[in-house]
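Note sheet for the following structure.
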Amino acid sequence: MDGTLVDTERLWDIAVYELAEHMGRPLDESTRERTLGNSLRGFFEILSEYTGRTIDGAEYDRLAHRLNSRVTDLMRTDMTWRPGAEDLLEDLASAGTPVALVTNTTADVAAVPLEFIDRSRFDVVVTGCMVTDPKPAPDPYLLACAELGIDSFAAVAVEDSVTGATAAVAAGCRVLYVPSTAGQPDVVGAHTHPSLEGVDSAGLVALTSGRPVGAAVGESGA
């Protein structure tokens, strides 16, 4: 969702950098990159390590509320699609393809972008609070596939972060990896692609047969 379908990573940037400053140590770019796609708990584990400050119990609840409140306020005033994302969802709907949304974001925060995207586009929604082990563990994708009634090896996951792509590969999915920020490394087992612009259902099907997504997009657009 964040960074794949909607351009919210820049909004998370604002909230995350503000929180780090509040905690006494401005966040550097490499640490911010490590937090991309993480669960809320995973994010605070990284932030705790970075700031040298223990974050648990009431302190965790207070800081999590501060972060989530700030980012949802930003989302309500500045939500936009990632390039090609809405067209891809519409093409998948036209093809009758079952679709699941799999996010590490908690349900309360996810509700805001889901209202913008339209919850009815998805047959299944898996949020970060629905599994014990969120991304980069495979559990969220395994749950989504189970809910869709399909084998994970027959599924294609579209991801924008190392954390998310790692989870999808571990679940056995074919993975189209479209980094939402510059400088993210490739993920072994995932097919890196520059954008969702021009990607359609035929391009995703191509991944299940081991063909490059770009070749399929070229064929379907001809």
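Residues in the sequence shown are numbered consecutively from 16, following this note's numbering.
Where a beta carbon is used, it is the ideal one built from N, C-alpha and C, also for glycine.
For clarity, every value in this text was computed on a predicted model and none was experimentally measured.
- Query: Roughly how many angstroms lie between the CA atoms of Pro113 and Leu107, to the nearest whole one?
  - Reply: On the sequence shown, residue 113 is found 98 positions in, with the first residue counted as 1. On the sequence shown, residue 107 is found 92 positions in, with the first residue counted as 1. About 8 Å.
- Closest Cα partner of Leu222 within the set His37, Tyr192, Thr92, Glu212: Translated into the one-based positions of the sequence shown, residue 222 becomes position 207. The option with the nearest alpha carbon to Leu222 is Tyr192.
- Item | The beta strand (DSSP E) enclosing His206, as first and last residue numbers | The residue you call residue 206 lines up with position 191 of the sequence shown. That run of the beta strand (DSSP E) goes 205–207.
- What separation, rounded to the nearest whole angstrom, lies between the Cα atoms of Ser135 and Ala115? Counted from its first residue, the sequence shown places residue 135 at position 120. Counted from its first residue, the sequence shown places residue 115 at position 100. Rounded to whole angstroms, Ser135 to Ala115 spans 11 Å at the Cα level.
- Query: Roughly how many whole angstroms lie between the Cα atoms of Gly52 and Thr207?
  - Reply: Here residue 52 refers to the residue found at position 37 of the sequence shown. Here residue 207 refers to the residue found at position 192 of the sequence shown. For Gly52 and Thr207, the distance between alpha carbons rounds to 16 Å.
- Message: Here's the rule I'm using: 16 or more other beta-carbon atoms within 10 Å means buried, otherwise exposed. How should Gly225 be labelled?
- Response: Taking the first residue of the sequence shown as position 1, residue 225 is located at position 210. Exposed is the call here.
- Item | Start-to-end residues for the alpha helix (DSSP H) that takes in Leu222 | In the sequence shown, residue 222 corresponds to position 207, counting from 1. Run containing Leu222: 216–223, per the alpha helix (DSSP H) assignment.
- Query: Where are the beta strand (DSSP E) runs, 3 residues long or more, that stay fully inside the region 73–131, in chain order?
  - Reply: 115–117
- Other residues of its chain near Leu157: CB distance less than 7 Å, five sequence neighbours each side excluded: The residue given as residue 157 occupies position 142 in the sequence shown. So the list reads Ser167, Ala186, once near-sequence residues are dropped.
- Skipping 5 residues on each side, what residues in its chain have a beta carbon closer than 7 Å to that of Ala159? By 1-based counting over the sequence shown, the position of residue 159 is 144. Once the five neighbours on either side are set aside, the close Cβ partners of Ala159 are Ala115, Val117, Val139, Val141.
- Query: Which first and last residues belong to the beta strand (DSSP E) in which Glu174 is found?
  - Reply: On the sequence shown, residue 174 is found 159 positions in, with the first residue counted as 1. Segment 171–174, the beta strand (DSSP E) holding Glu174.
- Looking at the unbroken alpha helix (DSSP H) that takes in Val184, where does it start and where does it end? As a working note, residue 184 is residue 169 in the sequence shown. Per DSSP, Val184 belongs to the alpha helix (DSSP H) from 177–186.
- Can you name, in chain order, every residue of its own chain whose Cβ lies under 6 Å from the Cβ of Pro209, other than the five neighbours on each side? If you number the sequence shown from 1, residue 209 lands on position 194. No residues qualify anywhere along the chain.
- Check each candidate in Ala125, Leu129, Asn119, Arg77 and name the one with the smallest Cα separation from Ala152. Counting from one through the sequence shown, the residue named residue 152 turns up at place 137. Of the candidates Ala125, Leu129, Asn119, Arg77, the one whose C-alpha sits nearest the C-alpha of Ala152 is Asn119.
- Query: So does the region 73–92 actually touch the region 25–41, counting three or more Cβ pairs closer than 8 Å?
  - Reply: yes
- Task: Using 10 angstroms around the beta-carbon of Thr95, count the other beta-carbons present and answer buried if the total reaches 16, otherwise exposed.
- Result: Looking up residue 95 in the sequence shown gives position 80. The residue is exposed, with fewer than 16 neighbouring Cβ atoms inside 10 Å.
- Message: Within the continuous beta strand (DSSP E) that includes Leu191, where are the two ends?
- Response: Stepping through the sequence shown from its first residue, residue 191 is reached at position 176. Taken as a continuous stretch (DSSP letters only), the beta strand (DSSP E) holding Leu191 covers 189–192.
- Is the Cβ-Cβ distance between Leu20 and Val31 less than 9 Å? Residue mapping note: residue 20 aligns to position 5 of the sequence shown, counting from 1. Residue mapping note: residue 31 aligns to position 16 of the sequence shown, counting from 1. Not closer than 9 Å, so no.
- Message: From the DSSP secondary-structure annotation, give me the bridge partner or partners of Val140.
- Response: Stepping through the sequence shown from its first residue, residue 140 is reached at position 125. According to DSSP, Val140 bridges with Leu116.
- Message: Within a Cβ cutoff of 7 Å, which residues of the same chain sit near Met145, ignoring the five residues on either side of it in sequence?
- Response: Position 130 of the sequence shown, counted from the first residue, corresponds to residue 145. Once the five neighbours on either side are set aside, the close Cβ partners of Met145 are Leu158.
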